[in-house]
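A short write-up of the structure that comes next.
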Amino acid sequence: MNEHLKELIDKLNAEKTLSRSEWVELIDGHGDEERAYAASIANSLRKKRFGNKIFIRGIVEFSNYCKNDCYYCGIRRSNKNAQRYRLTEEEILECCDEGYETGYRTFVLQSGEDGAYPPARMAEIVRSIKSAHPDCAVTLSIGEQEREEYALLREAGADRYLLRHETASKELYEKLHPSFLSFEHRMKCLRDLKELGFQTGAGMMIGAPYQRTEHLAEDMLFLAEFQPQMVGMGPFLPHKDTDFRDKPKGSYELTLFLLALTRIMLPNVLLPATTALGTIRPDGREQGVLHGANVIMPNLSPTAVRKKYMLYDNKICTEDTTADCKFCLQARMKSIGCEVAVTRGDFGEFVDSGS
Ligand code: SAH
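Counting from 1, position 261 in the sequence shown corresponds to residue 260 in numbering that gives the first Met the number 0; the numbering is continuous, with no gaps.
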């Protein structure tokens with residue numbers, strides 16, 4: 000192992016951030032040995048807080064209509080091949096009811112940016128879920144809104160909000176999004192969400208087109224400064240109906256390395272081993288956990304619509320039911336000595352304070 004890089008990983012563990020040039024050196028210079036070293040620290044930090052327990056969140060992908068046009072995304076509005084769908088309130092609630100029976104205590108409502116669900120309607124849906132399942136957390140992942148709208152959703156009882164920053168570089172942001180989307184607005188949304196008391200999730204794709212090490216260094220600096228409660232990061236995967244169809248997918252190993260560095264930098268963070276990681280490698284989610292991830296987010300959407308919520312090609316679990324996913328996941332977690340926890344799994348909820 001390179002002694003200098005090992006020292007940088009130790010420094011990150013001690014000081015919880017690095018300088019821009021140190022991030023670049025570490026990300027550029029690392030190989031398998033440094034990744035294994037970071038994984039060993041990340042994994043023990045995870046175990047110290049969460050024992051062998053993995054938090055699960057059931058995602059309901061309730062609409063794939065989207066007014067945005069992110070160049071990488073399979074449900075962008077200019078993809079005319081996407082078959083659009085929306086679930087009704089009743090269908091969303093049924094997904095949550097089934098999820099509850101299966102052991103989920105957090106429901107994540109995710110969608111494209113669909114004008115058919117204005118904040119007032121979303122607030123009603125949040126209230127219905129909370130009154131049916133008062134012991135559950137509700138996470139929203141419905142994109143950019145104005146502060147008052149986020150406030151309405153928070154008042155309705157939403158606990159958490161996932162809004163990946165996508166990239167902390169304005170220059171890269173503008174290569175991945177059309178000009179009507181603004182880097183500043185996305186960052187403002189994240190600040191508003193945190194100030195309103197949401198447990199807030201930022202994050203980025205690893206290996207997005209045009210992304211260089213300097214951009215990832217910028218992302219890590221942003222995460223160190225913003226201190227999100229959750230971080231979603233997975234590899235970029237191309238979608239056949241986007242202009243990025245021929246762009247190479249993100250690196251699996253680099254994603255694992257950055258997951259480990261994120262756990263070291265933010266030891267308490269809620270860090271999912273994402274579906275994209277499970278798509279790029281059959282045991283990607285297990286490896287994610289072994290690199291410090293402590294959350295898995297399986298699908299609760301009705302099987303009939305799963306294939307339509309295709310952000311990237313070959314997404315896993317689209318033929319499965321809620322029960323299939325839970326069963327499969329339990330077996331996967333067991334294979335690495337972990338166990339799925341039936342709990343909300345809030346930020347700061349430590350399952351095991353042992354060593
Ligand atoms: N409309 C919501 C939800 C977006 S989908 C929002 O704007 O926040 C959730 C995440 O999927 C995105 O934030 C993005 O990081 C990721 N994603 C989209 N397309 C992807 C692709 N081709 N490969 C990997 N991840 C992708």
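A virtual CB, placed ideally from N, CA and C, is assigned to each residue, including glycine.
| Item | Value |
| --- | --- |
| When you compare only the Cα positions, how much space is there between alanine 109 and serine 62? | The residue asked about is misnamed: residue 109 is glutamine in this sequence, not alanine. Approximately 8 Å, taken between the alpha carbons. |
| At what residues does the alpha helix (DSSP H) containing isoleucine 315 begin and finish? | Neither: isoleucine 315 is in no alpha helix (DSSP H) and is coded neither H nor E. |
| Sort Met309, Arg343, Asp245, Val350 by Cα distance to lysine 129 and report the nearest one. | Arg343 |
| Go ahead and pull the three-state DSSP assignment for glutamate 60. | strand |
| Count the other CB atoms, across all protein chains shown, that sit within 10 Å of the CB of phenylalanine 179; report buried if there are 16 or more and exposed otherwise. | exposed |
| Can you tell me the Cα-Cα spacing of arginine 48 and glutamate 338, whole angstroms? | 14 Å |
| Please classify tyrosine 160: does DSSP put it in a helix, a strand, or coil? | strand |
| For the pair the region 30 to 39 and the region 0 to 10, tell me if three or more CB-CB distances fall below 8 Å. | yes |
| Identify the residues that DSSP records as bridge partners of alanine 201: which are they? | Val230 |
| Leucine 92 to tyrosine 99, Cα distance in whole Å? | 10 Å |
| Whose C-beta lies closer than 7 Å to the C-beta of proline 118 among residues of the same chain, with five residues either side of it excluded? | Gln144, Glu148, Leu151, Leu152 |
| Straight-line CA distance for phenylalanine 346 to proline 227? | 10 Å |
| What is the rounded straight-line gap between the Cα of histidine 3 and the Cα of alanine 259? | 18 Å |
| For methionine 364 and threonine 278, what's the separation of their Cα atoms in angstroms? | Given a span of 0 to 354 for the chain in the structure shown, any question on residue 364 remains unanswerable. |
| Over the uninterrupted beta strand (DSSP E) stretch that includes valine 137, give me the two end residues. | 136 to 140 |
| Taking DSSP as the reference, what is the three-state secondary structure of threonine 342? | coil |
| Reducing DSSP to helix, strand and coil, say where isoleucine 295 ends up. | strand |
| Which of the three DSSP states is assigned to threonine 320 in this structure? | coil |
| Smallest Cα separation from proline 281: which of Lys306, Tyr64, Asn313, Lys239? | Asn313 |
| Under the criterion of a Cβ to heavy atom distance below 7 Å, does alanine 275 qualify as lining the ligand SAH? | yes |
| Helix, strand or coil: which one does DSSP assign to serine 20? | helix |
| For histidine 238, is the beta carbon positioned less than 7 Å from some heavy atom of the ligand SAH? | yes |
| Tell me where the beta strand (DSSP E) around serine 77 begins and ends. | From DSSP, serine 77 is part of no beta strand (DSSP E); its letter is neither H nor E. |
| Taking 7 Å as the cut-off, is the C-beta of serine 140 nearer than that to any heavy atom in the ligand SAH? | yes |
| Among Gly287, Leu289, Cys72, Cys316, which has the Cα closest to the Cα of glutamate 112? | Cys72 |
| Relative to the C-alpha of arginine 373, which residue among Asp323, Met232, Thr320, Leu265 is closest? | This structure does not reach residue 373, given that the chain is present from 0 up to 354, and the question cannot be answered. |
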